[in-house]
Amino acid sequence: MVDVEELEDGNSITGVDDVVRDVVPGVSDPLHPRKPHKKRSPVWKEFLVTGGSLTIDGKERATCIHCKTATFIADSHYGTKNLHMHLAKCNAYKTSLGRNDRVQVAHSTNRLIHTYLNSQVKTITRNTAKADCLKLHKSLKADLVKIFKNVPERICLTADMWTSCTTEGYLCLTAHYVGASWNLSSKVLNFCNIETPHTGYEMYSVVSGLLKKWNIENKIFFITLDNAASNAKMQDYLRESLDDRGLLLNKGCFFHVRCAARVLNLIVRDGLHMVKHIVRKIRISVKYVKHSESRKKNFKLCATLAAITETKALWLDVPTRWNSTFMMLDRAIMYRAAFKELKNIDSLYKYFSEPDEWDKIEKVRDVLEPFCDITNLFSGRDYPTSNLYFENVWRIVMLLKDMVDGEDSDMRIMGRCMQDKFDKYWLYPDGDDYNTLFAFAMILDPLYNKQTLKYCYEKIFEDDEKASLKVHDVLFKLERLLNDYTTTKNNILAQNPSLPSAKSSNRKRKFDLGNIENEESVCAAPMKSMLDVYLEDGKLDRNVNLNILEFWKVNKSKYGELAHVARDILSVPLTTVASESTFSIGGRILNKWRSSYLPENVDALITSRSWLHGYEVNDEEEEFIGEDVEWNIPT
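Right under this line is the structure:
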């Protein structure tokens, strides 16, 4: 024991402290508190440490970042044994560890493969690859901005919406134009994410903002859209906005057209619905044959017995793709005799169509065939399509008239239904005015000219006088559009500060007899317009294989501003196929295995690919998907 007297004789309080520390082990020096040890163990990386100020007892806590439930006192003074023991039995940690191991193995394996192929290859990280892609995208975009700045005339647009596998909405905006070399070009401007709701005004806000970023607001001529109501609203807002600033020709009279391929699709679908009972037997027969390998072999034997040498396989359609229905009917008709043989040797096959039904099936096939051909023609991307519109729409008009006037009751019903849908989308309310812009395109095609247009109107109206008035009206509007081009160019010249402004001159001297001689000379000898000169030259031989853009390129000095009008009208696309082709690329980038890309990265990947390679995609999986579908055969 310590003698009290010895303590009282002590001259230093430090001695007291030393005695206390010796007598009471574990008591810390109050003047020199213990410093906390640094958490050097790697195990701390697997835990989230919470400060003592946030806990009840003032002690730090460490929570497992994997299971987010286990909690321990985060003081290294107590050691890390409990932390290690937890990780040894934490399933969430084991799962994470296995996933990281797999990623590391995959990365290391890739590096080994690259090194094997090229011993001097330098591997890069995914962040480096991403940075390089974005750098390339930025460079390509800057080049495209320069191209648009130098486009001599107007730019047409197509836009369409697409929903990804993550249910996010994307808008694809594509520009179409004829460049200085007179070649038709298409460029995907943006593939941007749009937040819900996808209303007309929301889409207008996005498109308007994109046009400003590309600095092409003053060059927009036309936009082709799908038939959705939101698209119609969007183009209304956009046309009003651009026209208010004087950026559209003819006050936006020629600004919007519906996607012709979609309209054809709606017309045919309504028509097929009216004769579905005729098509149904063929569909069931094809399903029956393709249900098993044994039935396919049996049908092949029937084709041999029927002396059919055709090698094409039967085609099974998808109801949402009417062109596949055309293919199904066309192939089935080839094997008509084989189906008859199948009926004789297979007692289970009970779906054979009777002779009169086969005759109706052939009529339905004959109706669908021109629609399929026209759809493919309108969907071309490597050539102008606007000059092909009027002739082929006229073919549809005459086909529907022939169906309605025919003797077959089923064909009459089908024809009336298709005609009603046609009138809804391709006629104005007065019932006799086809889209004037594409009448312009027919006139500006030297293979057709105004005589062909007049012939088409005569067949449509069955009235020569009405047809003549209609052609006169089209020529008047085309002349007005030509004057608008000339006026626009003159206004640009008038804005040159080195030249006197015509407007200011008129303001200073509104009435002036000094110009009377010029006025009299103009009245005495009116000059022919470039349109008159072009029309007097007449049309070319229809058998000539003509490159229409090359024709206007060669004759641009002869026809002046009319060549610029033709350049813009011929760049108008009839369909939104360009945007829909981009959706095929989008489906490859955003799929169920890769769905976490940021929208801006998706935009960069898709647009860069389009700018580098165009629209060429591998269409192997675009083959008819019905081939691999399991169907339930009715009993």
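If you read the sequence shown in the working numbering, its first letter stands for residue -13, the second for the next number, and so on. Heads up, the beta-carbon is just placed ideally off N, CA and C, and yes, glycines get one too.
Inter-residue distance for PRO370 and LEU287 is about 47 Å (C-alpha atoms, whole angstroms). The criterion of a C-beta distance shorter than 8 Å is satisfied by LEU157 and MET189.
Annotated three-state conformation of VAL174 is strand, per DSSP. With 16 or more other CB atoms across the displayed protein chains lying within 10 angstroms of its CB, THR562 is buried.
Contiguous alpha helix (DSSP H) elements confined to the stretch 392 to 432 occur at 395 to 412 and 422 to 429, taking only those with 4 or more residues. The Cβ-Cβ distance between ILE51 and LEU69 does not fall below 8 Å. Annotation for ILE268: the continuous alpha helix (DSSP H) segment containing it runs 262 to 275.
Under the Cβ criterion (8 Å, minimum of three pairs), the stretch 167 to 184 does not count as touching the stretch 231 to 243.
Nearest in C-alpha terms to ALA161, of all of LEU196, ASN421, ASN373 and ASN179, is LEU196. Cα atoms of ARG402 and ILE382: separation of roughly 13 Å, rounded to the nearest angstrom.
Around the beta-carbon of PRO341, fewer than 16 other beta-carbon atoms lie within 10 Å, marking it exposed. Taken through DSSP and simplified to helix, strand or coil, ILE59 comes out as strand. Between the C-alpha atoms of TYR163 and ASP368 there is a straight-line separation of about 12 Å. Shown here, TYR102 sits in a helix according to DSSP, grouped into three states. Taking the Cα of ASN284 as reference, the smallest distance to any Cα among MET260, LEU233, VAL249 and LYS329 is reached at LYS329.
Considering only THR41, ALA292 and LEU291, the residue with the shortest C-alpha distance to ILE59 is THR41.
As the crow flies, the alpha-carbon of LYS436 is around 16 Å from that of SER372. Measuring C-alpha to C-alpha distances from GLU32 to each of THR57, GLU465 and ASP518 identifies THR57 as the nearest. DSSP places TRP148 in the uninterrupted beta strand (DSSP E) bounded by 141 to 149.
CA-to-CA, the gap between ILE319 and ILE347 works out to about 8 Å. Within a 10 Å sphere around the beta-carbon of ASN378 sit 16 or more other beta-carbons, which makes this residue buried.
The Cβ atoms of ARG322 and LYS298 lie no closer than 8 Å to each other. Residue environment: LEU584 is assigned as exposed (fewer than 16 neighbouring CB atoms within 10 Å of its CB, all protein chains considered).
In this structure the stretch 423 to 440 touches the stretch 457 to 472; the number of beta carbon pairs closer than 8 Å is three or more. Going by DSSP, HIS242 is part of the beta strand (DSSP E) stretching over 242 to 244. The three-state secondary structure of PHE338, taken from DSSP, is coil. Residue environment: SER150 is assigned as buried (16 or more neighbouring CB atoms within 10 Å of its CB, all protein chains considered). The three-state reading of DSSP puts VAL304 in strand, counting E and B together.
HIS123 sits away from SER596, with the two beta carbons spaced by 8 Å or more.
Of the candidates LEU532, PHE338, SER216 and PHE447, PHE338 places its Cα closest to the Cα of ILE270.
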